[in-house]
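Asker:
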Ligand SMILES: N[C@@H](CCC(=O)N[C@@H](CS)C(=O)NCC(=O)O)C(=O)O
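Protein chains in written order, with my numbering: chain E, 309 to 703; chain D, 13 to 352.
Structure below.
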C-alpha cells in the first residue's frame, strides 16, 4: 500500500511548475508592488506638502490645543495636547453610540413587535412611526430635536426644580452626582460579584432546563442580584457615598452631573431614527419564522408569551442579527453629524476644530477614518460572535 | 457634512500625492485665465461682508475684494464665482485648489500664514473679538461673565481667544461650538448661551438676524486683534501679487481722491499729476509689472470703487464706526505702500 503510493507520486516538479509555489511567488511579488506603491505615494505626499509649505507629520499631537471643550469624560483643558483632545472626542463618540445603540434596540424591538400586533390601532401607530421617521433626513430630525428640546426650556434662573436636587433648564438637565469616598471599593466589588453571579446562574439554569425541563426565573433573580448585592455592600460599609448637588451660581448651575441639550438631542435623534429601521428588521425577522412553529408550540401547551420568547424570537434572531449589525454601524457613523448641533464628538473636535487650527488635513482625516474603521470592525466582530452563538446548531 | 470634509481632505491628499514635483509657477493664474473667472471662497451669509440675495447675487466687503481681483485680471469685476464655506471648511478648500482665493472674514495669524501653505494678501478690515449679550442679563462688562455659556463658530480664532481671555482672568465658561453660523444665531436666540462671541463686525452683522436685535448689547471689551483679509495658496507669486495690489489700489485711490465716478476722467486727463498718470497706467509700468493691462487699476476703481466707497456701500449700513479702518492720514491705519 505504502509502496504503491510512493511509486505513484511523480518526481518533484521544478518550482515554477508547482502551482502552490508559483502562487506564493506571485503573491510575494504583488505584496512587494503594493508596498512600493504605498511608499511612493506617502513619500510623494510628504514632499508635496512640504513644497507647498503645509506642515506635516504627527508632531502637532503633542502641542497644546488652546481651545476648550464643554463635555469631557477625561480631564482636559485648553493647555492639554491635541492627542488628549482626540481621546476626548473619541470617548464622546463612543458614549453617544453606545447609549444610542442601546435605546434604538429597545425602541426598535417594541415598534417592530407592535407593528405585528393584532390590535389595529397599535399596529397602525407603529406603521406611521416607522414610515415617517425612516423618510425624514436625519440632519433635519437632529435640528428638530435640538430646537424642540431647547425652545420650551427656561433660563437657568427660572429652571424647573425637582425636589431641590434636579434642575431642568435650557442648559441641560442637572442632577446630583455621587461621590464615592473611602471604603466604597466594596460596592464596586459587589457589583462585579453580582455580574459574575448572573453569568454563572444563567449557565446553570440553562443546563438544568436541558436536563430536567424545569425553568428557573433567571431574569428576576438577576435583577435581585444586581440591585441587592451592591445595596448590601452599601449598607454594610455605612453609606460611604456623598452627593454633589448642583447649585445655581451666576449664569449657570455648577457641580452635579449634567445631560446637555446637545447630547440629549443627538441621542434622541440617532436612536429614534435608527429604531425605525430596526423595527422593520424585527418585523421581517418575526415574519420569517414559519407559522407551524407557533402552532407546534401551542399544541405542546406553551402560553403565547412563552411561545414568543422561547420559540419565535430565538429563531427570528438569526434573521435579525446581520441587518441589525449594519444599523449599529450606521448609528455610529451618523453620530458624526454632532458638529451641526455643537456636541463635541470626534469629528467635531478633531476633524473639525483641531483640523482647522493646525491645517493638517491629511494626518487628521487619516486618524479619524482609522478610528471609524476600528469602531466598525469592532461592532461587526462582536455581532458576528453573537450571531455565531445564536446560529442554528444542528443536533 | 463629514463627507464634504473628507472629500476636500482627500483632494488635498490626492493633489499632494499626484502632483509629481512641484506645480509650475503661475498655475493658479493660468487656470483662472483659462476658466475665465475667479473661484472665490466666501462666507455662508454675513450681511455687509458676503451675503447672497434671493437671486444669488453676492454683495459685501469680502465679495468686493474678489471683484477687485477679477477687475484687475479680466477688466470685468463680475468674472467671479462664489463658493460659500463654513469657517471649518475654508482652509482645506484653499489648500486643495477648490477655490482660487479665500475672502471670508479670515484673521491673518502667524500659524495660518506659515503652516497651512497659504499667504495672506493684506488686511481689508481691522477687527477685534467682542461679546454680545441680552440686555436683560444686566451685564455691562466682559469681566462679569464668569461661568457663562458662550456660543460661537467652530474652527475660528474666536474659540482660541475665548479660552485665553477667560483663563487669563481666572474665569470659567462653557463653550457651545457650532459648525454653521445659522445654528450659532438660533441657539443664542433660543437662550442656549448667555453670550455670542465673534469678531465685532460679525456681531453687528449677525445681530440683524436675531428675533429682536434691540434686545441685545455688545459689551465694550475687544479682546483680540483680528486683521481680516484675503488669502491665496502658496505656489503662484504673481497671483499673490495681483490680489495684494488690487487691495492696495483701493486704499491708494481713496487717499488720492480717485473714485468710481472720477477715475475715467482722470485717466483721460493729459495734464494729470504724475502720480495719477502712473495710477491710471498712462505712464510707468505698474500694470506690466504685475502681468496685467496698463489700465488694470482704472478697471478696479471704476467697477468696484475705492476703499471708502466699498466701506460706505457695505459696512456703513451696519452702523459700525470706521475707526482703525480709516486712512492713516485720517486717524486710522489703512495705508498702502507707494505705487511706483
Ligand atoms: N475671524 C475669525 C472668525 C471668522 C468667522 O468664521 N466668523 C463667523 C462668525 S461672524 C462667520 O463668518 N460666520 C458666517 C458664516 O459662517 O457664514 C477667524 O478667522 O477665525
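From the three backbone atoms N, C-alpha and C, an ideal C-beta is built for every residue, glycine too.
(1) So residue 584 of chain E packs on residue 437 of chain E, CB below 8 Å; how close in whole Å?
(2) With 16 as the cutoff for other CB atoms within 10 Å, does residue 518 of chain E come out buried or exposed?
(3) Could you list the residues in the segment 428-445 of chain E with a C-beta less than 9 Å from some C-beta on chain D, going in chain order?
(4) Considering only the beta carbon of each residue, do residue 562 of chain E and residue 159 of chain D sit closer than 8 Å?
(5) Please tell me whether, using a cut-off of 7 Å, the distance from the CB of residue 56 of chain D to the nearest non-hydrogen atom of ligand 1 is below it.
(6) I want to verify the contact list: residues of chain D whose CB lies under 7 Å from the CB of residue 400 of chain E, in sequence order.
(7) Would you say residue 667 of chain E reaches chain D, if we count a Cβ-Cβ gap shorter than 8 Å as a contact?
(8) Quick one: list the residues of chain D neighbouring residue 660 of chain E, beta-carbon separation under 8 Å, in chain order.
(9) Taking Cβ positions, are residue 314 of chain D and residue 276 of chain D nearer each other than 8 Å?
(10) Determine the DSSP secondary structure at residue 471 of chain E, reduced to helix, strand or coil.
(11) Given a cut-off of 8 Å, decide if residue 209 of chain D and residue 136 of chain D are closer than it, judged by their beta-carbon atoms.
(12) Got a sec? Which residues, its chain only, sit under 7 Å from residue 345 of chain D by beta carbon, not counting five neighbours each side?
(13) Need the endpoints of the beta strand (DSSP E) that residue 485 of chain E sits in, please.
(14) Can you tell me whether residue 98 of chain D sits near ligand 1, meaning its C-beta is under 7 Å from at least one heavy atom of the ligand?
(15) How is the beta strand (DSSP E) around residue 163 of chain D delimited, first residue to last?
(16) Going by beta-carbon coordinates alone, are residue 668 of chain E and residue 451 of chain E separated by less than 8 Å?
(17) Suppose you measure from the CA of residue 753 of chain E to the CA of residue 565 of chain E; what does that come to, to the nearest Å?
(18) Just reading off the beta strand (DSSP E) that residue 185 of chain D is part of, what are its end residues?
(19) For residue 464 of chain E, count the other beta carbons within 10 Å of its own beta carbon; 16 or more makes it buried, fewer makes it exposed. Which is it?
(20) Give every residue of the same chain whose Cβ lies closer than 7 Å to the Cβ of residue 38 of chain D, excluding the five residues on either side of it in the sequence, and list them in chain order.
(21) Assess contact between the segment 218-228 of chain D and the segment 483-496 of chain E, defined as three or more Cβ pairs (one per stretch) separated by less than 8 Å. Is contact present?
(22) Considering only their Cβ atoms, is the gap separating residue 242 of chain D from residue 113 of chain D smaller than 8 Å?
(23) Would the beta-carbon of residue 211 of chain D be found less than 7 Å away from any heavy atom of ligand 1?
(24) If you drop the 5 nearest sequence neighbours on each side, which residues of the same chain put their C-beta closer than 7 Å to that of residue 661 of chain E?
(25) Report buried or exposed for residue 347 of chain E, applying the criterion of at least 16 other Cβ atoms within 10 angstroms of its Cβ.
(26) Taking Cβ-Cβ distances below 7 Å as the criterion, which residues of the segment 347-370 of chain E are in contact with chain D?
(27) 8 Å is my cut-off, CB to CB: does residue 95 of chain D come that close to chain E?
(28) Ligand 1 heavy atoms versus the CB of residue 237 of chain D: any closer than 7 Å?
(29) Quick check on residue 132 of chain D - is its C-beta less than 8 Å from some C-beta in chain E?
(30) Using alpha carbons as the reference points, say which of E:406, E:323, E:645, E:596 lies closest to residue 625 of chain E.
(31) Can you give the Cα-Cα distance for residue 51 of chain D and residue 223 of chain D, rounded to whole angstroms?
(32) Using the beta-carbon of each residue, which ones in chain E are nearer than 8 Å to residue 354 of chain D?
(33) Quick one: list the residues of chain D neighbouring residue 458 of chain E, beta-carbon separation under 8 Å, in chain order.
(34) What runs of the alpha helix (DSSP H), each 4 residues or longer, lie entirely inside the segment 100-178 of chain D?
(35) What number of angstroms, rounded off, separates the C-alpha of residue 101 of chain D from the C-alpha of residue 587 of chain E?
(36) Which of the three DSSP states is assigned to residue 429 of chain E in this structure?
Answerer: Put simply:
(1) 7 Å
(2) exposed
(3) none
(4) yes
(5) yes
(6) Chain D residues near residue 400 of chain E: none, gap ~13 Å exceeds 7 Å.
(7) yes
(8) 17, 100, 166, 167, 191
(9) yes
(10) coil
(11) no
(12) 138, 336
(13) 485-488
(14) yes
(15) 160-165
(16) no
(17) Outside the displayed span of chain E (309 to 703) sits residue 753 of chain E, for which this structure offers no information.
(18) 185-190
(19) buried
(20) 248, 250
(21) no
(22) yes
(23) yes
(24) 375
(25) exposed
(26) 349, 352, 353, 356, 357, 359, 360, 361, 362, 363
(27) no
(28) no
(29) no
(30) E:596
(31) 34 Å
(32) Outside the displayed span of chain D (13 to 352) sits residue 354 of chain D, for which this structure offers no information.
(33) 199, 202, 203, 204
(34) 102-107, 122-127
(35) 37 Å
(36) helix
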